[in-house]
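Chemist: One structure is given below, represented as C-alpha cells, and several questions about it will come after.
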Amino acid sequence: MENAENRTPVLETRSIEKSFPNGSDWIRVLQGVDFTLESGQAVAIQGESGSGKTTFLNIISGLETFEEGQLFWDGEAIVNQSSSALAAKRASQMGLIFQAYYLLPELNVLDNVIMATRLLGAPRPNDRERAGKLITRVGLHDRMNFSVEKLSGGERQRVAIARALMIRPNLILADEPTGNLDEHTGDSVIELLLEIAREEGTSLILVTHNNGHALKTEKRYQLHLGKLEIITDEL
Ligand SMILES: Nc1ncnc2c1ncn2[C@@H]1O[C@H](COP(=O)(O)OP(=O)(O)OP(=O)(O)O)[C@@H](O)[C@H]1O
Ligand SMILES: [Mg+2]
C-alpha cells in the first residue's frame, strides 16, 4: 500500500498574506497562512464572518492574488498571477461549489454537468456517460433533461456537486454549499458530498458555519485574526 506520508500533498500554502484596501487603510485579512492538504483528505474551515474564508479559497484556486507566501498545487509552485493558463489548470484539477450554485439557467441538468469539461478541450466520448452516472449518483436520474430553473435549491446543489466531480478533480472547494438550504436538505447535501468525495478519492475543503457539518470531516480549522488554526475537540 502507498504510504500517505510519502505522497505529495494535493495542496500547500506557506505564509500566505493578503490585504485589501479599506479607505486610506488596509485590512490584513490573511497574516501568514500555512496549510497542507493530503491527497484524499476532507477538512473543514470555519471562522467568523469576515475572517477571510472565501478570500483563502479564492487564493487557493488561483482566482485571487496574494502579496506574500507560496502556493503549491500537487507540489507545483503556482505563480501568483491570474492567467488563462492557470484557469485551464484549475478547470482540469479543481471542482468548485458555491452557496449560490452558479448553474447556467438556459441549460438542462445534463448539459450543466457536461459544461465542466468545456475548458479541457474537445469533448470526449465518455463525457455524457460520466455525467449521466454522476447525476444518477446524486439522485437526479429522473431530472436529467429538466431545466435547472425548475429545480429546488437542494436539487440545484446536487447538480453543482455532480458538475464539480465531472472532471475527476483531485480537489473540491466548497464555500458554504448549504448556506441557502434548510437544515434537513443541507444535512443530506453534505452527507452526499462527503460520501462521493470519499468514493472518488477526491480531497475536499468545506467552508462552513455549521459545526455538525464540520465535525463530519477529518480535521477542522478556523481562520482567526489572520491565521489558520487547527480546532481540537472541545470536550
Ligand atoms: N475585493 C475586496 N475588496 C476589499 N475588501 C474585501 C474584498 N474581498 C473581501 N474583502 C474583505 O476581506 C474580509 C474577509 O472577507 P471574506 O469574504 O474572505 O470573509 P468570509 O470569512 O468568507 O466571510 P463570510 O463568512 O461572511 O462569507 C472582509 O472584511 C471583507 O470585507
Ligand atoms: Mg465567505
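Take any residue in the sequence shown, note its place counting from 1, add 1107, and you have its number in my numbering. Beta carbons: idealized from backbone N, C-alpha and C, even for Gly.
1. Once DSSP output is grouped into helix, strand and coil, what is the label at Q1148?
2. Just verifying my parser: in three-state terms, what is the DSSP assignment at A1321?
3. Please determine whether the Cβ atom of D1282 lies at a distance below 7 Å from any heavy atom of ligand 2.
4. Can you give me the start and stop residues for the beta strand (DSSP E) that T1243 sits inside?
5. Does DSSP put H1248 in a helix, in a strand, or in coil?
6. By how many angstroms is the C-alpha of V1136 removed from the C-alpha of P1116?
7. Locate the beta strand (DSSP E) running through K1125, then write down its first and last residues.
8. Could you say which of L1300, N1287, N1219 lies nearest to R1244 if we only look at CA atoms?
9. Does the contact criterion of 3 or more C-beta pairs under 8 Å hold for the region 1191-1204 versus the region 1245-1258?
10. Got a sec, what are the start and stop residues for the beta strand (DSSP E) I1312 sits in?
11. Buried or exposed: where does K1257 fall if 16 or more other Cβ atoms within 10 Å of its Cβ makes it buried?
12. Let me know if M1108 comes out buried or exposed under the rule of 16 or more other beta-carbons within 10 Å of its beta-carbon.
Modeler: From the atom records:
1. coil
2. helix
3. yes
4. Segment 1234-1244 is the alpha helix (DSSP H) holding T1243; no beta strand (DSSP E) there.
5. helix
6. 25 Å
7. 1118-1129
8. L1300
9. no
10. 1310-1314
11. exposed
12. Since pLDDT at M1108 reaches only 48, below the 50 mark, its modelled position is unreliable, and no value is offered.
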